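Engineer: Can you keep this structure in mind? I'll have questions shortly.
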Amino acid sequence: MAKNILEEDVYQAIGQVVHPEISRTLVELRMVKDITLKDDEVTLTLMLPFLGIPALIKDHLVNSLRQAVTKLGAKVKIKIAEMSQEERQAFLAMEQDGWKGL
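For the numbering used here, count along the sequence shown from 1 and bump the result up by 723.
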């Protein structure tokens with residue numbers, strides 16, 4: 724059971740998760756939203772620019788977030804959603820600026 728996990732602990736943990744193809748964290752890319760803590764469970768939403776991104780990338784992102792949060796001693800539930808047009812445009816600009824490839 725998680726002991727006294729704070730929202731800032733979660734933000735600090737997920738703030739270290741770097742996108743595998745872009746030299747930016749998922750937080751910097753605005754890919755993580757709606758973080759909630761209830762008892763020993765953290766729920767968050769992973770925002771994808773397109774729902775049809777390759778499974779390899781999606782799975783890597785989900786697993787990286789899951790690993791970061793479970794290190795805090797919490798269970799984690801990750802929802803998947805698609806970015807709005809505005810969010811996608813901002814993401815694509817950051818992607819182009821930080822692209823490193825696999």
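C-beta: ideal position from N, C-alpha, C; glycine also. Here the structure is a predicted model, which is why all the values come from computation and not from measurement.
1) Once the 5 residues before and after Lys800 are set aside, which same chain residues still bring their CB inside 8 Å of it?
2) Buried or exposed for Ala797, going by 16 or more other Cβ atoms inside 10 Å?
3) Output the distance between the C-alpha atoms of Ile758 and Val733, rounded to the nearest integer angstrom.
4) Could you give the DSSP three-state label for Ala725: helix, strand or coil?
5) What does the Cβ neighbour count give for Phe773, buried or exposed, with the cut at 16 atoms within 10 Å?
Structural biologist: From the atom records:
1) For the purposes of this step, residue 800 is identified with residue 77 of the sequence shown, where counting begins at 1. Cβ within range, chain order: Glu764, Val765, Thr766 and Leu767.
2) Here residue 797 refers to the residue found at position 74 when the sequence shown is read from its first residue. With 16 or more other Cβ atoms within 10 Å, it is buried.
3) The residue given as residue 758 occupies position 35 in the sequence shown. The residue given as residue 733 occupies position 10 in the sequence shown. So the alpha carbons of these two residues sit roughly 8 Å apart.
4) Mapped onto the sequence shown, residue 725 falls at position 2. Low confidence applies here, because Ala725 scores a pLDDT of 46, under 50, leaving its location unreliable and the question unanswered by this model.
5) Taking the sequence shown and counting its residues from 1, the one referred to as residue 773 is at position 50. Result: exposed.
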